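In terms of my numbering, the sequence shown is numbered consecutively and its last residue is 553.
Ideal Cβ placement from N, Cα and C applies to all residues, glycine included.
Note that the structure is predicted; figures quoted are calculated from it, not measured.
In what follows, a structure is listed as structure tokens, so that the remarks can point back to it.
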Amino acid sequence: MRGTDPTEVPFATVHEAFADSARAVPDHPVLAVTPSSGWEIGGRRDISYRDAARRVEALTALYRAAGYGMGHRVALLLLNRPEHFLHLLALNALGAGIVPVNPDYAPDEMLYLLEHSEADLAVSVPERVADLEAVSRRLPRPIPVVNAMALPSTLPLPVRPAATGTPNAKTEAALFYTSGTTGRPKGCIISNLYFLNVAHEYARMGGIIAIRPGEDRILNPLPTFHQNCGAVTFTTAVVTRNCLITADRFHARSWWKDVVATGATAIHYLGIMVPALLNQPETPEEKQQKVRFGFGAGVDPAGRAAFEKRFGFPIAEGWAMTETGNFFKDAHEPRQTDRRAIGKSNAWMEARIVDEKDNELPRGAPGELVVRAPGADPRRGFYSGYLKDPAATDVAWRGGWFHTGDTCLIQDDGMVVFLDRKKNIIRRSGENIAAAEVDACLQTHPAIDRVAAIAVPDEMRQEEVMACVVLKPGHTPDAATAASITEHALARLAYYKAPGWVFFRDSLPLTSTQKVQKAQMFPSGTDPRKLPGAFDLREKKKHTKR
């Protein structure tokens, strides 16, 4: 890293940073995949900076020849394959942005993403081309879909010309969609500066998360349509001349085999991974692995202690949102592992706790966590705004602080402690699920009169979706009706958004304006899963590739 300012970013674009590393360490690996994924690229499970640079150069020429450039967006449904990052770099070199597609999206969800983003082209793995083509035909302006593994010699031309100008730090590099409380996902505009700023923050983190330039191999099984893997870890690997290892998904049974086979020295995790690995029988590989640290979020303090004792390396809890880019982290000893401590204000992001009127609260008092970048530009390194929704952007940034919707407190020592979520969000296995989106879907079920989706505890997945349902006259509150409700959602939403529990009620608690009072649904301390009439539909939510 150059300079003395820890927030200094010496590159203008992600591609520029990659090109610098490719010149410096051409033979070092930049991307790799796990054996359990079954993937390869060029007959290998890893790719060097030199080989990646050649492939990126060829892709850049292909996109340039077709007229893609500044202002264009290309939807990528490439799973966690290395090709995702090669296309990202090629488009980034031209000033075009990517729109990562969640492969678990149902057709209606994909339709919304493609239409809202105004993507000019979709690039897909072979097995999903037909799905995207079917969705594209429903667009007011259908877009072409190409197979990433068999690209044509000439790409379809974009309908609109590229904008003028040269890519810079403010240029849009990606559009990440994240669930909001109003139902439809919001498109977070992510700039080059966001990618590079968070990478340099990670690279300079220190403590138990001390990146070794040119020596580390970071295994991240999280999806590329999330900023964690798609922006943070990838760009960190690039600027530190290291290697990012991806997987098709997290596999508890083969995890340590993958860790050993890939030579991983660091891992990323979500809360669900820790109990899943602790529940596995001991394997020789878990003793052979050479991991120095783990970095993630959502682990119960007791689970963290058990994990570190069994597997022999520390895991650091952190906090971030798609909108913030920057993060808090409890990575310096002595770590506060007996609570959900998520870190302190730092050179990249500072915290404040406020009440409902945005008045700052004293240390130790719970309230909403609001954050900003220190210095003259409070939005430095954050998202550039919500696409086509400046009003929502302004509300989120009222008073010059980004409002997270999370309830936290700040201790006397400055440590931020996470308590709960203020927003109407259900957090299942690391996925943010907007309850309003589930409500809107279920309301179209022919048997449902009123419905409210809420979060209930889940021992494995942190939270699960429960649909509290009032039926129309003539319908029976039985197991068959409950199953039909979950099946209705599975046909229209990503599988993880469907209700894993259905609970029938005679009525829902309402305000004077007929809004559901979800906080009044059950008495305090009640576990709705254990009440008579709660139907367990979790078995129907098994992940299947669409």
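Secondary structure of residue 469 (DSSP, three-state): strand. Taken in chain order, the whole beta strand (DSSP E) runs of length 3 or more contained in the stretch 203-269 are 224-227 and 250-253.
Within the stretch 261-320, the beta strand (DSSP E) runs of at least 3 residues that lie entirely inside it are, in chain order, 273-277 and 300-304. Residue 253 and residue 394 have their alpha carbons spaced roughly 28 Å apart. Runs of the beta strand (DSSP E) spanning 3 or more residues and lying entirely within the stretch 128-167 occur at 128-131 and 152-154, in chain order. The residues 22 and 67, in chain order, have a CB closer than 6 Å to that of residue 100 in the same chain once the five nearest residues on each side in sequence are set aside. The C-beta of residue 235 has 16 or more other C-beta atoms within 10 Å across all chains shown, which makes the residue buried.
Taking residue 339 as reference, the option from 380, 218 and 350 with the minimal CA-CA separation is 350.
Rounded to the nearest angstrom, the Cβ distance from residue 501 to residue 109 is 7 Å, consistent with a contact under 8 Å. The count of Cβ pairs closer than 8 Å, one atom from the stretch 249-266 and one from the stretch 219-231, reaches three, so the stretches are in contact. A straight-line Cα-Cα distance of about 47 Å links residue 467 and residue 167. In this structure, DSSP gives residue 92 a helical state, which the three-state scheme calls helix. The three-state secondary structure of residue 353, taken from DSSP, is coil.
Excluding sequence positions up to five before and after residue 169, its CB lies within less than 8 Å of the CB of 74, 75, 76, 77, 78, 79, 101, 102 and 103, all in the same chain and listed in chain order. With fewer than 16 other CB atoms across the displayed protein chains lying within 10 angstroms of its CB, residue 498 is exposed. It is roughly 42 Å from the alpha-carbon of residue 536 to the alpha-carbon of residue 125. Bounds of the beta strand (DSSP E) holding residue 426 are 423-428.
A residue is called buried when at least 16 other Cβ atoms come within 10 angstroms of its Cβ; residue 237 meets this threshold and is buried. Under the three-state reduction of DSSP, residue 104 is assigned to strand. Taking C-beta atoms under 8 Å as the contact rule, residue 146 and residue 121 qualify, at a distance of about 6 Å.
Residue 407 and residue 389 have their C-alpha atoms some 13 Å from each other. DSSP places residue 112 outside both helix and strand once states are collapsed to three, so it counts as coil.
At least 8 Å separates the beta-carbon of residue 424 from that of residue 476. Around the CB of residue 286, fewer than 16 other CB atoms lie within 10 Å, so the residue is classed as exposed. Residue 514 carries a coil assignment under DSSP once its states are collapsed to helix, strand and coil. When the alpha-carbon of residue 196 is set against those of 87, 97, 107 and 36, the nearest one is in 107. Three or more Cβ pairs drawn from the stretch 401-415 and the stretch 322-334 lie within less than 8 Å of each other, which places the two stretches in contact. Each of 526, 81, 385 and 396 was checked against the Cα of residue 163, and the nearest Cα belongs to 81. In the assembly as shown, residue 175 is an exposed residue. Its beta-carbon has fewer than 16 other beta-carbons within 10 Å. Proximity of the stretch 526-533 to the stretch 488-498 falls short of the contact definition, fewer than three beta-carbon pairs being nearer than 8 Å. Contact annotation: the stretch 238-247 touches the stretch 195-209, with at least three C-beta pairs closer than 8 Å.
Between residue 320 and residue 311, the alpha-carbon positions lie close to 11 Å from each other. The three-state reading of DSSP puts residue 79 in coil, since its state is none of H, G, I, E or B.
With respect to residue 279, residue 436 sits close: the two C-beta atoms are nearer than 8 Å. With a 10 Å radius around the Cβ and a threshold of 16 neighbouring Cβ atoms, residue 451 comes out exposed.
Contact between residue 277 and residue 305 holds, with the beta-carbon distance rounding to 6 Å and staying under 8 Å.
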